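**Q** Handing you this structure, nothing more for now.
Residue numbers (our numbering): 33 to 169.
Here you go:
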């Protein structure tokens with residue numbers, strides 16, 4: 033059955049990412065579903081316009097230091113808490129909107145990623161992420 037997870041994706045974070053989160057102290061960890069859009073998204077061998085796709089086998093993890101959203105066999109968002117390139121907005125008791133400026137996170141990529149997520153942990157994640165943002169005086 034292990035071949036099925038390789039063929040169709042796994043809901044699990046890769047062991048290295050999960051161990052990194054555990055060493056930082058996991059605060060929230062759970063499944064996530066929803067959809068994502070990539071706008072003006074470019075990598076050296078890939079260009080994509082504004083197309084929506086479902087997130088298959090998603091997981092969200094938050095430690096005391098960083099936020100990881102995993103889905104479609106890749107890290108959709110992997111940033112330190114309070115990163116200026118990521119905005120988060122709670123849209124309901126189990127829904128949240130996350131927007132990430134890919135160019136500010138990784139200089140090899142460009143464009144924006146918009147995630148509409150459904151998870152029971154949405155209020156807690158939004159609260160903790162807002163607390164992790166640097167305060168202006």
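The C-beta atom is built at its ideal place from N, Cα and C for all residues, glycine as well. Computed from a predicted model, the values in this text were never measured in an experiment.
Thinking residue 164 and residue 113 are a contact (beta carbons under 8 Å), I'd like their distance in whole angstroms, please.
**A** Right, the Cβ-Cβ distance comes to about 3 Å (below 8 Å), so this counts as a contact.
**Q** Check whether the Cβ atoms of residue 100 and residue 130 sit closer than 8 Å, and answer yes or no.
**A** no
**Q** Within 8 Å, do at least three Cβ pairs link the segment 149–156 to the segment 52–70?
**A** yes
**Q** State yes or no: is the C-beta of residue 162 within less than 8 Å of the C-beta of residue 136?
**A** no
**Q** Alpha carbon to alpha carbon, what distance is there between residue 155 and residue 140?
**A** Taking the straight line joining both Cα atoms gives about 32 Å.
**Q** Between the Cα of residue 90 and the Cα atoms of 46, 103, 60, 50, which residue gives the shortest distance?
**A** Per the C-alpha coordinates, the member of 46, 103, 60, 50 positioned closest to residue 90 is 103.
**Q** Let me make sure I understand the geometry here. Which of 127, 95, 71 has the alpha-carbon closest to that of residue 60?
**A** When only C-alpha atoms are compared, the closest one is 95.
**Q** If you drop the 5 nearest sequence neighbours on each side, which residues of the same chain put their C-beta closer than 7 Å to that of residue 133?
**A** 117, 144
**Q** Should residue 57 be labelled buried (16 or more other beta-carbon atoms within 10 Å of its own) or exposed?
**A** exposed
**Q** How is the beta strand (DSSP E) around residue 92 delimited, first residue to last?
**A** For residue 92, the uninterrupted beta strand (DSSP E) segment begins and ends at 83–95.
**Q** Beta strand (DSSP E) containing residue 103: first to last residue?
**A** Looking at the DSSP string, the run of the beta strand (DSSP E) that includes residue 103 is 98–103.
**Q** Return the chain-ordered list of same chain residues with a C-beta closer than 8 Å to the C-beta of residue 160, the five sequence neighbours on each side being excluded.
**A** 59, 60, 94, 113
**Q** Does the Cβ of residue 111 have 16 or more other Cβ atoms within 10 Å, making it buried, or fewer, making it exposed?
**A** buried
**Q** May I ask which residues mark the beginning and end of the alpha helix (DSSP H) holding residue 52?
**A** 47–56
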